[in-house]
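S.K.: Residues -19 to -1, 1 to 327 in mature numbering (1 follows the signal peptide of the UniProt record, and there is no 0) are what the sequence shown lists, from first letter to last. Dropping the structure in here first, questions after.
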Amino acid sequence: MSIISLIFLITLQITTTYSTLLPQTTNNLNSEQQHYYNPKLPPRVFTTSNKFEGSSDLVHLRYHMGPVLSSPININIIWYGKWTPQQKLVIKDFILSISATHREATSPSVSEWWRTATLYADQTNSNVSRSVLISGEYVDHLYSQGNHLTRLTIQQVIANAVKSAPFQVNHKNGIYLILTSSDVTMQDFCRAVCGFHYFTFPSMVGYTLPYAWVGNSGKQCPEVCAYPFAVPGYMGKGGPGALIPPNGDVGVDGMISVIGHELAELASNPLVNAWYAGEDPTAPTEIGDLCEGLYGTGGGGGYIGQVMKDRVGRTFNLNGRRARKFMVQWIWSPVIKACAGPNALD
Ligand SMILES: *[C@@H]1O[C@H](CO)[C@@H](O)[C@H](O)[C@H]1NC(C)=O
């Protein structure tokens, strides 16, 4: 297909889907800058969770009567270990893009992606909030619990942060996001998880607070947790290699998708008693798990699907504030009963 007809198609798609959200000029600007393509990487073999890519009648996502995060979601970030200002900026720009307006980020945007999460409601008919803020940051650069963490010691990290003066506990809508640098190992990291979410125990932290942990896999297992910006060695030979990350940092760009995954699940299942599939609450399949590894139309079975490439070849599927670009997996929509994202072509 020629570039011109491709641009026409993209413009048509964006116009038909988002004409109510965006002024026409933005569409034109957008289609000049980004081109859809399908990287056709070989299917990824390392998986970290159950997958039901695309749509499936076999998915029985059920509501278990607990609350969702419906008031504005205040995120307290804990930076554990060594983080550069540049890395922090990329991650904060992603989080702040969730509630950015269409003037701040062109379509397909991070905030349009989050709309799928806001389709989940609880028994009080309160939906997951559209508003996500960063209400505090805490730096644990001296590795207070060492450079190997467990699901238990991570609660100690949160307890320390909660005790520190500027960090106010907000039971109602405060959540904690613990980000560990690339030199920090975590129980089950790489082997079974790239991130997880849970809630703290009053005996350790003093309160029940929902939290998520995501690690920088850059030095430990990027081919597992930062795929497709790193691919296993055997895949590179002769075939297409790793894709170029949108913000130039394999570990951090890989974390963005995992952070998106965990935030969507935390919001729809904060106390692990709201939205999940499967009968076992100790191993729930949640709205991010159902779409892991899927970033665009035509993905599934290990293929990432149609995403975009900018002029210098960086791959992404969502626009954020301050002209940032991100690559974020889709999430399960309770309305269409399939994985959904704003860069969909059909
Ligand atoms: C809130 O959730 C309900 C139930 O899932 C959904 O039908 C509705 O569209 C959602 N409302 C908004 C504003 O997203």
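Don't be surprised by glycine CBs; every beta carbon is placed ideally from N, CA and C. Because the structure is a prediction, the values reported are computed rather than measured.
Using the DSSP secondary-structure output, state which residues sit across from F180 in a beta bridge.
M.R.: Here residue 180 refers to the residue found at position 199 when the sequence shown is read from its first residue. The partner list for F180 (beta bridge, DSSP) reads P191.
S.K.: Between the Cα of H83 and the Cα atoms of W311, I268, V309, A304, which residue gives the shortest distance?
M.R.: Reading the sequence shown from its first residue, position 102 is the one you call residue 83. The shortest Cα separation from H83 among W311, I268, V309, A304 belongs to A304.
S.K.: Using only CA atoms, which one of L77, P209, P251, T161 lies nearest to S116?
M.R.: As a first step, residue 116 is located in the sequence shown; it is residue number 135 there, counting from the start. S116 has its Cα closest to that of L77, out of L77, P209, P251, T161.
S.K.: Only counting runs of 4 or more residues, tell me where the alpha helix (DSSP H) segments fall wholly within the stretch 72 to 116, in order along the chain.
M.R.: Those alpha helix (DSSP H) runs which fall completely within the stretch 72 to 116 and span 4+ residues are 91 to 95.
S.K.: Which residue or residues does DSSP assign as beta-bridge partners of F307?
M.R.: As a working note, residue 307 is residue 326 in the sequence shown. According to DSSP, which records beta bridges pairwise, F307 is partnered with L299.
S.K.: At what residues does the beta strand (DSSP E) containing I139 begin and finish?
M.R.: The residue you call residue 139 lines up with position 158 of the sequence shown. Run containing I139: none in the beta strand (DSSP E); it sits in the alpha helix (DSSP H), 134 to 144.
S.K.: Pull up the CB-CB distance for I72 and M236, whole angstroms please, since I reckon it's below 8 Å.
M.R.: The count along the sequence shown starts at 1 and reaches residue 72 at position 91. The count along the sequence shown starts at 1 and reaches residue 236 at position 255. That pair is a contact at about 7 Å.
S.K.: Reducing DSSP to helix, strand and coil, say where S314 ends up.
M.R.: Within the sequence shown, residue 314 is the residue found at index 333, counting from 1. Three-state DSSP puts S314 in a strand.
S.K.: Which residues bound the alpha helix (DSSP H) around L252?
M.R.: By 1-based counting over the sequence shown, the position of residue 252 is 271. No alpha helix (DSSP H) holds L252; DSSP gives it neither H nor E.
S.K.: Report yes if the C-beta of A102 is less than 7 Å from at least one heavy atom of ligand 1; otherwise report no.
M.R.: Counting from one through the sequence shown, the residue named residue 102 turns up at place 121. Yes - ligand 1 has a heavy atom lying nearer than 7 Å to the Cβ of A102.
S.K.: Ligand 1 and N108: does any heavy atom of the ligand fall closer than 7 Å to the residue's C-beta?
M.R.: The residue given as residue 108 occupies position 127 in the sequence shown. Yes.
S.K.: Once you ignore the five residues that flank T278 on each side, which residues in its own chain have a CB closer than 8 Å to its CB?
M.R.: Taking the first residue of the sequence shown as position 1, residue 278 is located at position 297. Cβ within range, chain order: G286, Q287, N324, A325, L326, D327.
S.K.: Where do the ends of the alpha helix (DSSP H) carrying C206 lie?
M.R.: As a position in the sequence shown, residue 206 is number 225, starting the count at 1. First-last of the alpha helix (DSSP H) with C206: 203 to 206.
S.K.: DSSP three-state call for E243: helix, strand or coil?
M.R.: Looking up residue 243 in the sequence shown gives position 262. Note: E243 maps to helix in three-state DSSP.
S.K.: Can you tell me whether T99 sits near ligand 1, meaning its C-beta is under 7 Å from at least one heavy atom of the ligand?
M.R.: For the purposes of this step, residue 99 is identified with residue 118 of the sequence shown, where counting begins at 1. Yes, since a heavy atom of ligand 1 falls inside the 7 Å radius drawn around the Cβ of T99.
S.K.: For ligand 1, is there a heavy atom less than 7 Å away from the beta-carbon of P315?
M.R.: For the purposes of this step, residue 315 is taken as residue 334 along the sequence shown, with counting starting at 1. Yes, ligand 1 has a heavy atom inside 7 Å of this Cβ.
S.K.: If you drop the 5 nearest sequence neighbours on each side, which residues of the same chain put their C-beta closer than 8 Å to that of F182?
M.R.: As a first step, residue 182 is located in the sequence shown; it is residue number 201 there, counting from the start. The residues are Q136, T189.
S.K.: Check Y215 in the structure and name its three-state DSSP category.
M.R.: Counted from its first residue, the sequence shown places residue 215 at position 234. Helix at Y215.
S.K.: What number of angstroms, rounded off, separates the C-alpha of L252 from the C-alpha of P191?
M.R.: Mapped onto the sequence shown, residue 252 falls at position 271. Mapped onto the sequence shown, residue 191 falls at position 210. Roughly 7 Å separates the two Cα atoms.
S.K.: Among F307, V150, G281, N197, which has the Cα closest to the Cα of I159?
M.R.: The residue you call residue 159 lines up with position 178 of the sequence shown. The candidate whose alpha carbon is nearest that of I159 is N197.
S.K.: Report yes if the C-beta distance between W313 and L247 is below 8 Å; otherwise report no.
M.R.: Here residue 313 is taken as the residue at index 332 of the sequence shown, counted from 1. Here residue 247 is taken as the residue at index 266 of the sequence shown, counted from 1. Not a contact, by the Cβ cut-off of 8 Å.
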